[in-house]
Amino acid sequence: MRTDLYQGHDYYLLDELLTEEHKLIRETAREWVKKEVSPIIEEAAEKCVFPRHLLPGLGEIGAFGPYIPAEYGGPGLDQISYGIIMQELERCDSGLRSTASVQSSLVMYPIWRYGTEEQKQKYLPKLATGEMMGCFGLTEPDHGSNPGGMTTNFKEDGDDVILNGAKMWISNAPFADIAVVWAKNEAGRIQGIVVERGMEGFSTPTMHGKWSLRASDTGELIFDNVRVPKANILPGRDGLGAPLSCLDSARYGIAWGAIGAALDCYDTALRYSKERTQFDRPIGQFQLQQKKLAEMITEITKAQVLTFRLGQLRDEGKATSAQISMAKRNNVDMALTVARDARQMLGGMGITGEYPIMRHMMNLESVVTYEGTHDIHLLITGLDVTGLNAFV
Ligand SMILES: Cc1cc2nc3c(=O)[nH]c(=O)nc-3n(C[C@H](O)[C@H](O)[C@H](O)COP(=O)(O)OP(=O)(O)OC[C@H]3O[C@@H](n4cnc5c(N)ncnc54)[C@H](O)[C@@H]3O)c2cc1C
């Protein structure tokens, strides 16, 4: 088993802008990842299983709802801290970060922002510890980039609603205790509704055959006349803006997380370039290999600066959805490029599970697609700068 030697890379001394609390949070997350996850992650990805025994540990390091206030069981941290934790998780594996992102931004966030006091008290403290796990159902078989076209719907029936439809590509679905599901009411307005495992007519079949995010469980959500109490509807907001605001929070976490994957690939390639000799010298001495490393750290550093500033804007409540789109798109694309170059630097060894690069590269193919594809985020930036909508 390979020892995880990662120490971080901070070319522009951004650490000087972090508080002591930020650094402590990072250290705690990094040490936990090295001890608990790094030794098992290759095998988990190879076997295509999510290591569920990690859930309480994720709760303990504050990875579930980092910014949820203490009154609801969360650590009450700022947005930079949230980003730092996501980065440390994805430095190890995008699937690990996905599990935490979904729980934090797509399950806890909508309950916290749009739920009743009873819903918050009932769900948030257990979600914060990992005792209860959730998933987020927006995407449907026929509606991915265009979620507003969804057909999942519910009709009122006394104190309940009857939910019908199907969701697809849902992270954490196979083991989630609850699902925050987005469905249309009788007026055609999208609303969030909490569906609990065990409700009759609700099933969560696992999706198989993924070559990406293999250490993260993905499934479907099937609703066949599921009777859900009206008390489970999130009343605080309706319309597509409600799920999109959750995606803003998750995409922000991805922007930080993708840098983590890139850093791990860079770190691995840099170390290898000093150890591997060909033609009687370390391959790091060859100009072509140095070009790759120099470009990697340049792009990583640009992404770090962009994302740190985005974190400040989030903390000040000023970050726009379009700014988040730009960071998500840029950083995931950057991480993919870094992963591809790093893989080449390891030659044949780069394709093996001996090193993490190929796993990161395959994972990032999901990250570049979910939470808005690379092209959809480009169109969001295009709309923002021109005022002209390419989606209609
Ligand atoms: C591993 C994984 C986990 C996921 N987890 C979740 C989850 O937890 N919850 C959830 O709700 N969803 C989840 N998703 C779904 C994900 O968000 C969707 O896959 C994504 O939004 C894209 O939708 P689609 O796959 O249907 O592709 P499509 O929307 O069919 O897009 C196909 C292609 O067409 C392009 N395209 C679409 N519209 C336009 C346009 N107007 N202009 C130009 N190009 C366009 C896209 O960019 C893409 O390249 C997950 C996906 C994956 C792969």
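If you count the sequence shown from 1, you need to add 452 to reach our numbering. For each residue, glycine too, the CB sits at the ideal point set by N, CA and C. Computed from a prediction, not measured in an experiment: that's the story for all the values here.
Item, Value
"C-beta atoms of G688 and I642 nearer than 8 Å", "no"
"C-beta contact flag for K780 and E823 at 8 Å", "yes"
"Three-state class that DSSP yields for D767 in the structure shown", "helix"
"Residues of its chain near R811, where Cβ-Cβ distance is below 6 Å and the 5 sequence neighbours each way are ignored", "A497"
"Spatial distance of L466 from L507 (CA atoms)", "30 Å"
"Same chain, Cβ closer than 7 Å to K486, neighbours up to 5 away in sequence not counted", "D456"
"Local Cβ density within 10 Å of L699, reported as buried at 16 or more and exposed below that", "buried"
"Cβ-based neighbour list, S655, same chain, cut-off 7 Å, excluding 5 preceding and 5 following", "I674"
"Three-state secondary structure assigned by DSSP to K636", "strand"
"Any non-hydrogen atom of ligand 1 within 7 Å of E542 CB", "no"
"P593 versus T551: straight-line alpha-carbon distance, rounded", "21 Å"
"Beta-carbon contacts of I563 that lie in its chain and below 8 Å, excluding the five residues immediately before and after", "Q571, K572, Y575, L576, L579, V632, V646 and L686"
"Extent of the continuous beta strand (DSSP E) run through L673", "T670 to P681"
"Reduced DSSP secondary structure (H/G/I, E/B, other) of G586", "strand"
"Where G617 falls: helix, strand or coil (DSSP)", "strand"
"N815: first and last residue of the uninterrupted beta strand (DSSP E) it sits in", "Looking at the DSSP string, N815 is not in any beta strand (DSSP E); the run it does join, the alpha helix (DSSP H), is I809 to V819."
"Residue from V554, G661, G712 and D611 whose Cα sits closest to the Cα of V444", "Nothing about residue 444 can be read from this structure; the chain reaches only from 453 to 844."
"Short Cβ contact (8 Å threshold) for I622 with E542", "no"
"Residue interval of the alpha helix (DSSP H) (run including Q571)", "E569 to T581"
"Of the residues E648, E608 and Q531, the one placed nearest P626, counting alpha carbons only", "E648"
"Sub-8 Å separation of E652 and V613 beta-carbons", "no"
"Opening and closing residue of the beta strand (DSSP E) in which V554 lies", "Taken as a continuous stretch (DSSP letters only), V554 belongs to no beta strand (DSSP E), as it is neither H nor E."
"W621: CB within 7 Å of a non-hydrogen atom of ligand 2", "The model depicted lacks ligand 2 and carries ligand 1 instead."
"Heavy atom of ligand 1 within 7 Å of V501 beta-carbon", "no"
"W634 to I832 span [Cα, whole Å]", "22 Å"
"contact_flag[the region 529 to 538, the region 766 to 773] where n(CB pairs < 8 Å) is 3 or more", "yes"
"Coarse secondary structure for V844, derived from DSSP in three states", "coil"
"Contacts around A515, its chain only, beta-carbon distance under 6 Å, and the 5 residues preceding and following it disregarded", "I537 and A552"
"Local Cβ density within 10 Å of D716, reported as buried at 16 or more and exposed below that", "buried"
"As assigned by DSSP and simplified to three states, the class of F516", "coil"
"C-alpha gap between S701 and F731, whole angstroms", "49 Å"
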